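Colleague:
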C-alpha cells in the first residue's frame, strides 16, 4: 500500500472516530456546511476574521530569515478560541479543519463536500514546495498542533512533511514576553536534525500562530543553515504585531553564508 493510500485510509478511520465538525463551534457539519468546513452560523464570523490578503508584509512585521509569511485569519474571537482548544487537546480533531481552512484561504484550494478533503489542483509536476516543516514544540509533550496542521496540509497540497527541526535548549513560553524578549528567547533556539540534507530545498514552515515572527524566523534560520534555499511560513492566524502594522525594526542576527555565483 503506497503512502497516499495509507493517508486515505487514515482519514476514513479518523472520520469515524472524530466526525467532521465546525472548528469554531464544534457542531457536526451537515450538507449545508460553508466550503465544506464551517457551519452556516459560524461562516460569517470566519469571513469577518479573515486576514485579507493572507500574505503578511515583512516591512510591517519585522521577521528575518523568512522569504515571506501568510496567515488565514486574525488571532481574535472565535478563531482564537478554536486554536486554543485545538492546542489544549480539547478538540484534537480541529487541526484537520483548521488546516483545511488554511488550504482554502491561503493556497486557493477548492471547497469539498462536507467531510471531504479540499481539492488543490496546482500545476502538475511543479510542487509549491519541496517539503513542509512543522515548528517543533519547545518542551517535550507540548506543541503538537503544528505537526497535526502540517500533516493535513501536506495531504491536501500533495507535499511531503519532514520534521526537520529540534529545539537546542529549553525556552520560555513566548506569550509571557515582550517583542524584544521573544527574539532573545528564540535566538539560536532551533537546529536542523543531525544528518538531514536540506540542500537546495524550498520549504514551507507551518505553525498555528505568528505574532512577532521570532519563532518562525529562528526556525527558518536553522533551515537555511542546513542548506535550504528559502523558507516561507504559513499559520492559521496572525496575532498582535503580525496582525497590525508595526514599525519597530526586528534584530538582525548573523545570516548563513551563501556561496557566490560563479
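Numbering (the working numbering), first residue to last: 1021 to 1282. Built from N, CA and C at the ideal position, the CB exists for glycine as well. Note that the structure is a prediction, hence the values are computed from the model and not measured.
So, helix, strand or coil for residue 1179, using DSSP?
Modeller: coil
Colleague: Mapping the DSSP letters down to three states, classify residue 1273 as helix, strand or coil.
Modeller: The predicted model places residue 1273 with a pLDDT of 39, which falls under 50 and marks its position as unreliable; any figure quoted below should be read in that light. Coil, per DSSP.
Colleague: For chain C, check one thing: does any of its Cβ atoms lie closer than 8 Å to the Cβ of residue 1077?
Modeller: The structure shown contains no chain C; it is built from a single protein chain.
Colleague: Which word fits residue 1040, buried or exposed, when buried means at least 16 other C-beta atoms lie within 10 angstroms of its C-beta?
Modeller: buried
Colleague: May I ask you to report which of helix, strand or coil DSSP gives residue 1247?
Modeller: coil
Colleague: Tell me which residues share the same chain as residue 1276 and place their Cβ nearer than 8 Å to its Cβ, disregarding the 5 neighbours each side in the sequence.
Modeller: A caution first: residue 1276 carries a pLDDT of 38, below 50, which makes its placement in the model unreliable, though a value can still be read off. Only residues of its own chain outside the window of five on either side were considered, and among them 1241, 1244, 1245 have a CB closer than 8 Å to the CB of residue 1276, listed in chain order.
Colleague: Could you please give the first and the last residue of the uninterrupted beta strand (DSSP E) stretch that includes residue 1154?
Modeller: 1151-1154
Colleague: Using the three-state DSSP reduction, which class does residue 1064 fall into: helix, strand or coil?
Modeller: helix
Colleague: Could you compute how far the alpha carbon of residue 1173 sits from the alpha carbon of residue 1056?
Modeller: Residue 1173 and residue 1056: Cα-Cα distance of roughly 16 Å.
Colleague: Out of 1210, 1069, 1111, point me to the one whose CA is closest to residue 1096's CA.
Modeller: When only C-alpha atoms are compared, the closest one is 1069.
Colleague: With the cut-off set at 8 Å, would you say residue 1169 and residue 1107 are in Cβ contact?
Modeller: no
Colleague: Near residue 1219, which residues of its chain fall below 6 Å by C-beta distance, leaving aside the five closest residues on each side in sequence?
Modeller: Closer than 6 Å at Cβ, skipping near neighbours: 1247.
Colleague: I'd like the list of long-range same chain contacts for residue 1222, defined as Cβ closer than 7 Å, with 5 residues on each side in sequence excluded.
Modeller: Setting aside the 5 residues that flank it on each side, residue 1222 is surrounded in the same chain by 1149, 1150, 1249, 1250, each with a C-beta closer than 7 Å to its C-beta; the list follows chain order.
Colleague: Would you kindly work out how many angstroms separate the C-alpha atoms of residue 1266 and residue 1187, rounded to a whole number?
Modeller: Unreliable placement is indicated for residue 1266, whose pLDDT of 36 sits below 50; no coordinate value is reported for it.
Colleague: Taking the straight line between their C-alpha atoms, what separation do you get for residue 1088 and residue 1064?
Modeller: 28 Å
Colleague: Inspect the beta-carbon positions of residue 1092 and residue 1137 and report whether they are closer than 8 Å.
Modeller: Contact: no.
Colleague: Thinking C-beta only, is residue 1183 closer than 8 Å to residue 1154?
Modeller: In contact: residue 1154 and residue 1183 (Cβ atoms closer than 8 Å).
Colleague: With DSSP as the reference, identify every bridge partner of residue 1252, one or two as the case may be.
Modeller: 1088, 1224
Colleague: Using DSSP's beta-bridge definition, name the partner residues of residue 1103.
Modeller: Residue 1103 is bridged by DSSP to nothing; it lacks a bridge partner.
Colleague: What would DSSP say about residue 1112, mapped onto helix, strand or coil?
Modeller: coil
Colleague: On the CB-based measure, 16 or more other CB atoms within 10 Å of its CB, does residue 1077 come out buried or exposed?
Modeller: Under this definition residue 1077 is an exposed residue.
Colleague: Return the first residue and the last residue of the beta strand (DSSP E) that residue 1210 is part of.
Modeller: In the DSSP annotation of this structure, the continuous segment of the beta strand (DSSP E) that includes residue 1210 starts and ends at 1210-1212.
Colleague: Mapping DSSP to helix, strand and coil, what is residue 1138?
Modeller: coil
Colleague: Can you give the Cα-Cα distance for residue 1112 and residue 1163, rounded to whole angstroms?
Modeller: 12 Å
Colleague: Give me, in chain order, the residues of the same chain whose beta-carbon lies closer than 6 Å to that of residue 1099; leave out the 5 immediate sequence neighbours on both sides.
Modeller: 1069, 1093, 1257
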